[in-house]
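Report on one structure; see the data block that follows.
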Amino acid sequence: MSFRFIVRKIFRALLTIWIIVTFIFIVLRISGDSALLIYGPDVSAKALATLRKVWGLDKPIWQQYLIYVSSVFHGNFGNSYLDGRSAIRVVAERIPKTLSLMWVTAVITLLIGIPAGIFSALHHNTRRDRITMTLAVMGLSIPNFFLGVLLILLFSVSLRLLPSAGSETWKHYIMPVITMSTAEAAVLARFTRSAMLEVLNQPYIRTAISRGVPWKIVVREHALPNAAISIVTMVGFFIGSLIVGGVITENVFAWPGVGRLLVSSVANRDLAVVQVIVLLISLSMVTANLIVDLAYGWLDPRVRDLRSEEP
Amino acid sequence: MNAKPSKPILKSKPEPLIQISGLTVDFDTPTGWLRCLHGVDFEVYPGEILGLVGESGSGKSITCMSIMKILGPRARIRGSVKYKKQDILTLDENGLTQIRGSDIAMIFQDPAVSLNPVHTIGRQMVESIIYNTSIPTLNHTKESSEQNSGKVEKYRRVTGQTAHSEAELLMNRVGIPEAKQRLKEYPHQLSGGMNQRAMIAMALAGRPHLLIADEPTTALDVTIQAQILELIRDLRKETGMSIILITHDLSVVAETSDRVAVMYCGRIVEKGPVARIFANPRHPYTRGLLASVLRIDRQIEKLYSIEGSVPAPYEMLKGCAFEPRCQAALNKCKFDQPVFKTEPEGCGIACFNPQSGRVTAFEVLNKQEDAPYTARQKQNEQPLLEAADLLKYFRIRRGSGLFGKKKKLKAVDSVSFSVKRGGTFGIVGESGCGKSTIARLLLNIETPTSGAVTFNGRKISGLPPAEWRRLRLHMQYVFQDPLNALDQRMKIIDQVAEPLLIHNTIRAAMRHDKAAELLRSMDLKDHTFDRYPHELSGGQQQRVVLARALILEPELLVCDEPTSALDVSIQAQVINLLTELRKRLNLTMVFISHDLSIVRHICEQVAVMYLGKFVELAKSDMLFNSAVHPYTQALLSAIPIPDPGLSRKRIFLKGDPPSPIDLPSGCSFHTRCHIARQVCAELVPELKSLKEGHLVACHLAHDEA
Amino acid sequence: MVGPKGSGSPVRRAIGYTMTNKLKVESTLTLSAERPQNDFRTRIRRFFERYPPLSMIAALWLVFMIFVAVFAPLISPYDFTAIDLRARLQAPAFMAGGNWNHPFGTDDLGRDVLSRLIFSIRMSLLIAFLGTIIGAILGTSLGFLAAHFRGWIDDIVMAGIDFQASLPFFIIALAFLAFLGNNLVLFIGLMGIYGWERYARLTRGLTLAAMTHGYAVAVNTLGATPIRIYLRHILPNISSALIVNMTLNFPGTIILESSLSFLGIGIQPPLTSLGNMLGFGRDYLTTAWWITVSPGITIFLATLAMSILGDWVRDRLDPTLGL
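Protein chains in written order, with our numbering: chain A, 6 to 316; chain B, 74 to 778; chain C, 13 to 335.
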């Protein structure tokens, strides 16, 4: 992979982050008095006036923008008005809980979704395929907040087997993980299946068969590596939907993570915290997409030495 | 397993290598069973090349894919394929895997997509070697071939190391230079011709007894096609394997095959030795097909054409499938299916009313002067269209992205020409030479980087869009792929009437009448008018495109490969229509094609293009009878001629055309030229007049003169 | 062992032509003696392959839901805001303690769950429809603009597409609602922005392809104006791709809306939507599960029906689109 390819991708990632920062700045400005929004209504008028001066809110808009960007780079987002501490710290202490839930879900999703998709594609148009795909459609149609509620109703309320809130023991993980991975695995299985089917219909598969390569090897050597390329492009989307699923699931099961913090901050308009979380999510998404792009280039030789042709 | 014979087997030894009988294929479609093959019988003898000829939809590819049993789960195959006393169709997946590759190998039409894009050529080659467990000891010299024959080969698993060195040998054998390096490369890094060679090398890995080549050269340029066909002939001679060559091109068959089987609508209609079929075709379809092929070495007034089009599999009627298009049809052809009768010496025919003698009705030999042309020329010396120093650069990002260097691709490099009113100007060249770009520049689909186009004495490059829209009344464009050029969601009649609507030339009520009249004059039946493009055959579609272009009665028609997407028998119809229309409407035409025979047939003046430049420009007769530029000569000699008896001197060009981004210094052809000198690598030759009306860009030609 | 799937494109091409034609093969083919028979089972199988029962049931269900949404005021037994404190948390009719006055029971304020459900369906479908249509129009227009003008306009649209793809839309929506506060118009607008980028990308890509090599070039050389090319030629040609995208986008919009409403930051009382009902009913899970389960099942069935139907529409209209 060429050095240029990597540099270009990193540049693009930085550009996206810059767009997001600008986007937040614009939305903040059109939403009203940002000093008031950031510090909350409980501050005195005098404090507000000094703050405006400190933040440069009395200056022209482009200076405000520069001040904003530089404070973002210094990690200065102001304080959470609910908590009183710096927003970045409030968010940071929630991160481990969220991550612990996410990676368990991610592993389980991959372990179910990808094999199910491959299985379905290899049994295309048979009863096995149809059953797997019907399950997948059902899985992605059930909203995870409703699935969570149903699980609570069954395992906590009726059977009294599992705790419905909190994050202390491994038992606390069971229901949130099932809730999140159902839809994720379903989407992944459907995508894997269509990627596999697409590849299996390519002429090079037919060529490989005609060369006398056994079917198992054709699948392993030719179909899977090509399907993997399209599946890798899904990873960015996959992480995005993990984050969304996490926000909802954390709220259903009172999981003390970033998602729950986000929703309560939105409901209370604790903008400093919302800002930090949105930036955190975009940063991780941009990083994930960057890794995907690089992995894509590494997997697909055609992209590796791409010569984009633009008339 | 026995070793295969090293020499082609004599015809007196009639023990077929593979015997296909009663091969019938049905597809399970949502609307019912669809029969694509109706009992196909043929056999291939050891060491022979059998040409399997047919138009699209004739079932030739399906036949060969059912031999390999790679048709997929929706196909139901009946009949038998006897190979070495066993029926391949009864084998299970394991048995098939053993036969595939090691006994029967196959190469496909489009090498670029038939190789796995994520693995190197070497890896795929090694795979072929390993899974076709024999050690592929290809005979590199005649001596070793004689030694090997008669010995029983040992079969064993090969190690990666041996496989790798074998791969290198195979690559060398199929003429891939720098084999070691090429093995490390990916398919997308090689040219189409190189990929096809690599695919052949993979097919050879198992030392197959039978090679099935499914349109192996259709996707390739004519000079590359000549190389690949030569390679296939050589390999047959060397290894003594049998080859089934599937093609739509009768000329290719004439140049390579020993025997030929002609397919039509899922049946074999005639088969026999090549010489006999070409000299004395008996089935009306074979006769029509042969007569409608254009020849580069002949001038013909009007082409023979088979009327109508190939019926789709679901349209099959009770009687002979060719009956609706047949000129020799009897009454019973409508109701009874003629049975295929096998005759001695591998001949056979399925027809109630076989004919004899060649169809020569339209052939006019030694046509010297085109009388109407000279007459017009005297009347009107004023050129209608002029291109002066036309230049088109595309900027290509090489390497990638922001810091990648932008490179110039010279698609069209200082091209000048003029076309007189009523004249026909042909531009020929291989793919990527920039001929289509010229068409797009003439019609303002692309804007030229510099240079000017003059139409009717008025400079038209750089006019504003509104002016251009008005100009379209006078100049029209015909595309290569008619299905692509038509709007899929609009009725035929509306599409043909649309130009009238856009330019508002006649009253609204008259538009449809005029469109219908024009369509009728092009032999389209009324019931097709309310159809959508995909419901018509390729030939009908192209006639609709022509009608749409001509309804405004333009002065200039630019045709970009108007027949290359069509079948042979349909191609003849469209060419005849074009020549007729040109004469009737006094059209001026720019005709772009890769096919020199068509250009010779249609054009009065021809330019040969190589890598963005004209290398030779002359009157048609002059160019085809006494070409001067070595590229033109090579191009002419690379074109196959449908005459098996003909022997001629051939010039094989070395290698592939260089990338248009990194043009060679001096004359851009010198890297492949067989007569190149020192000066060619240093100086760019100018397009200079050799004699009256004959321009050549070659140092040597001018030196000689 | 599975049979090889490598039959690939040539065969498809060979027989694909016929797939679209509904001509009767049965009566025209000869040699019926040795032909595979179209027995009763084969015909049934083929019928169900073309009209899968599941897709038909899904379609019926959607029609039913649309009917309910349109005629909500006529069907619903009570006003959905009518409070009846004497009948709080009443169980559904089929359970002990329930009666047919409130077939699906009542909620914590004694409001009839069935009536609230009917009006929630109305609200959720309305938002999903409006959102989908706004998204389709916005995305398609931007796609056309980008393809027509290229240059910096194209760059801006592409940057927008990249931006939207780089952040889950749910998070963008949350940020918007946090910064700008919540009202119905903004909320519907947000639902419209959801998914615009897929229409834009689709339209831009297909338009560019048509404008460089396809039928649009042909129409252009006839002298047609750009407006005519876009509306009369390109739009009808890309419509099936757009419709497929709409059917795939629709369930996503429903889930997005109900998720936000469930978290209490979407549709606000006194209005009601399916997610909003579910969110408020959650507090009574131990005592009155029916308040949450009935809207939950409704959302599930709606998205399921739409997904199944979407898959079917995609297979019929544009089998090449993939997922």
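By construction, the Cβ of each residue, glycine as well, lies at the ideal position given by its N, Cα and C atoms.
- Going by DSSP, residue 369(B) is part of no beta strand (DSSP E) at all; its letter is neither H nor E.
- Of all residues in the stretch 53-69 of chain C, only 58, 61 and 62 place a beta-carbon less than 7 Å from a beta-carbon of chain B.
- Rounded to the nearest whole angstrom, the CA to CA distance from residue 495(B) to residue 207(C) is 55 Å.
- For residue 571(B), the neighbours in chain C by C-beta distance under 8 Å run, in chain order, 231, 234 and 236.
- Contact between residue 225(A) and residue 173(B) is absent: CB atoms are separated by about 17 Å, not below the 8 Å threshold.
- Listed by position along chain A, the residues whose Cβ is nearer than 7 Å to that of residue 186(C) are 267 and 271.
- Taking the beta carbon of residue 557(B) as reference, the chain C residues within 8 Å of it are 225, 226 and 227, listed in sequence order.
- A contact is defined here as three or more CB-CB pairs under 8 Å, and the stretch 134-145 of chain A meets this definition with respect to the stretch 187-198 of chain A.
- DSSP places residue 751(B) within a helical segment (H, G or I) once states are collapsed to three.
- The contact set of residue 562(B) on chain C, defined by CB atoms closer than 7 Å, consists of 248 and 249 in chain order.
- Along the stretch 249-275 of chain C, the positions whose C-beta sits under 8 Å from a C-beta of chain A are 263, 267, 270, 271, 274 and 275, read in chain order.
- If you draw a 10 Å sphere on the C-beta of residue 637(B), you find fewer than 16 other C-beta atoms in it, and that means exposed.
- Just measuring C-alpha positions, the residue of 296(B), 326(B) and 391(B) sitting nearest residue 362(B) is 326(B).
- Counting along the chain, the unbroken alpha helix (DSSP H) around residue 68(C) starts and ends at 65-82.
- If you draw a 10 Å sphere on the C-beta of residue 511(B), you find 16 or more other C-beta atoms in it, and that means buried.
- Contacts with chain A at 8 Å (Cβ-Cβ) do not include residue 162(C).
- Boundaries of the alpha helix (DSSP H) harbouring residue 300(B): 295-312, taken from the DSSP string.
- Contacts with chain B (Cβ-Cβ distance below 9 Å) from the stretch 101-135 of chain C involve no residue at all.
- The beta carbons of residue 505(B) and residue 733(B) sit about 6 Å from each other, so the pair counts as a contact at 8 Å.
- Judged by their CB atoms, residue 347(B) and residue 717(B) are nearer to each other than the 8 Å cut-off.
- Boundaries of the beta strand (DSSP E) harbouring residue 108(B): 105-117, taken from the DSSP string.
- Shown in chain order are the members of the stretch 290-308 of chain A whose Cβ falls below 9 Å from a Cβ of chain C: 290, 291 and 294.
- Among the residues facing chain A, residue 143(C) is not included, as its CB has no counterpart in that chain under 8 Å away.
- At least one C-beta of chain C is nearer than 8 Å to the C-beta of residue 552(B).
- For residue 174(A), no pairing in a beta bridge is given by DSSP.
- Taken in chain order, the members of the stretch 9-23 of chain A whose beta-carbon sits within less than 7 Å of a beta-carbon on chain C are 21.
- In this structure, the CA atom of residue 318(B) is about 31 Å from the CA atom of residue 235(B).
- Counted as a single uninterrupted DSSP element, the alpha helix (DSSP H) harbouring residue 706(B) occupies residues 703-711.
- For the stretch 183-198 of chain B, the beta-carbon criterion of a distance under 7 Å to any beta-carbon of chain A is satisfied by 183, 186, 187, 188, 189, 190 and 191.
- Ranked by how close their Cα comes to the Cα of residue 291(A), the residues 66(A), 242(A), 32(A) and 109(A) have 242(A) in first place.
- By the neighbour-count definition (other C-beta atoms within 10 Å, threshold 16), residue 149(A) is a buried residue.
- Burial is judged here by how many other beta carbons sit within 10 angstroms of a residue's own beta carbon; residue 418(B) has fewer than 16 and is exposed.
- A direct Cα-Cα distance of roughly 15 Å separates residue 267(C) from residue 134(C).
- Runs of the beta strand (DSSP E) lying entirely within the stretch 497-563 of chain B, each at least 3 residues long, are 497-501, 523-528 and 548-551 in chain order.
- Look at residue 683(B) here: in three-state DSSP terms it is strand.
- Scanning its chain for C-beta atoms nearer than 6 Å, with the 5 sequence neighbours on each side dropped, one finds around residue 302(B) the residues 329, in chain order.
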